[in-house]
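**Student:** Residue numbering for the sequence shown follows the working numbering, starting at 321 and increasing by one per position. Don't be surprised by glycine CBs; every beta carbon is placed ideally from N, CA and C.
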Amino acid sequence: MAYNINSTVTGLTTYIFGVPATGEVLITGTLALPTIPEGEPGTSQVVVTITQTPSGGGPTTIFTGQPGAKGFTVKPYCNALDIITISLSSAAAVDQTPNRIKMTVSIG
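1) Just the C-alpha distance for Y397 and A352, rounded to the nearest angstrom, thanks.
2) Less than 8 Å separating the beta-carbons of V329 and Y335?
3) What is the rounded straight-line gap between the Cα of Q365 and the Cα of A389?
4) Per DSSP, which residues does L351 bridge with? Please list them.
5) How is V414 classed by DSSP in three states: helix, strand or coil?
6) Taking all protein chains shown into account, decide if Q416 is buried (16 or more other Cβ within 10 angstroms of its Cβ) or exposed.
7) What is the DSSP secondary structure of N326, counted as helix, strand or coil?
8) Between N326, S327 and G331, which has its C-alpha nearest N419's C-alpha?
9) Return the CA-CA distance between L401 and Q372, expressed in angstroms with no decimal places.
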């Protein structure tokens with residue numbers, strides 16, 4: 321079964337996807353991070369963490385990005401019914417404002 325999912329989410333959030341068919345899954349994402357006006361302290365420190373949870377099993381981290389990275393690509397092998405979770409997190413004050421972070425993710 322071919323599938324192609326494209327979604328956009330905002331804020332420091334979690335995106336969850338259920339894998340419909342067994343095989344390699346290409347997961348790519350781009351992040352729009354806040355820009356800091358000149359002279360203000362702080363830079364974005366958003367970290368992307370991706371976990372894979374098999375049906376009936378526990379989650380395994382398959383990717384952890386660098387703080388402030390603007391994109392990612394991973395290609396895990398998944399079984400049907402695995403759950404992929406993409407989490408965005410940051411402790412930086414500049415990233416805490418609602419809707420300041422935007423992630424576009426493509427899965428297929």
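**Tutor:** Let me spell this out:
1) For Y397 and A352, the distance between alpha carbons rounds to 27 Å.
2) Yes. Within cutoff.
3) Those two C-alpha atoms are separated by around 8 Å.
4) Residue pairing from DSSP places L351 in a beta bridge opposite M423.
5) DSSP places V414 in helix when its eight states are reduced to three.
6) Counting Cβ neighbours within 10 Å, Q416 comes out exposed, since fewer than 16 surround it.
7) N326 carries a strand assignment under DSSP once its states are collapsed to helix, strand and coil.
8) G331 is the residue among N326, S327 and G331 whose C-alpha sits nearest the C-alpha of N419.
9) L401 and Q372: Cα-Cα distance of roughly 11 Å.
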